[in-house]
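Here is the structure we will look at, set down as structure tokens.
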Amino acid sequence: MATIDNYQRQLGILAGLKENIGIVRNAFISSQQKYREQIEQAAMQKYMGDYVEQLKIRFAELASVMEEIFQVLQRTEMEIETQRTRLNQLIAQAQQPS
């Protein structure tokens, strides 16, 4: 029974990790949208100089870094799902009569 409890505790940890990944992803998506809106507003207000161009360059740099982070998050989610499946199989095996 302790083994099953341990597996279930690990499942809870994995669920928390997956939830946190979703929060991080949503925060990044929100940041991208706000930055995009800032660029659009600057362009509409016809700022002088290369302010808009600098914003676009920074956004491209940010988007590149964020894409790398999204890929790490995606790989982590896949690993979490693999571990979750494995733990569920172990729980099922532990619950079967000997």
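Numbered per the working numbering, the sequence shown spans residues 1 to 98.
Ideal Cβ positions, reconstructed from N, Cα and C, are used throughout, including at glycine.
Assigned secondary structure, residue i (DSSP; H/G/I helix, E/B strand, else coil)
i     : result
Gln89 : helix
Lys56 : helix
Asp5  : helix
Gln95 : helix
Lys46 : coil
Beta-carbon proximity check, residue i vs residue j, cutoff 8 angstroms
i      : j     : result
Leu62  : Val24 : no
Phe28  : Ile69 : yes
Ile156 : Phe59 : Any answer about residue 156 is impossible in this case: the structure gives the chain only from 1 up to 98.
Leu87  : Tyr7  : yes
Ile21  : Ala94 : no
Arg75  : Leu11 : no
Met66  : Gln32 : yes
task: Could you tell me whether the segment 46–61 touches the segment 14–27, where touching means 3 or more Cβ pairs closer than 8 angstroms?
output: no
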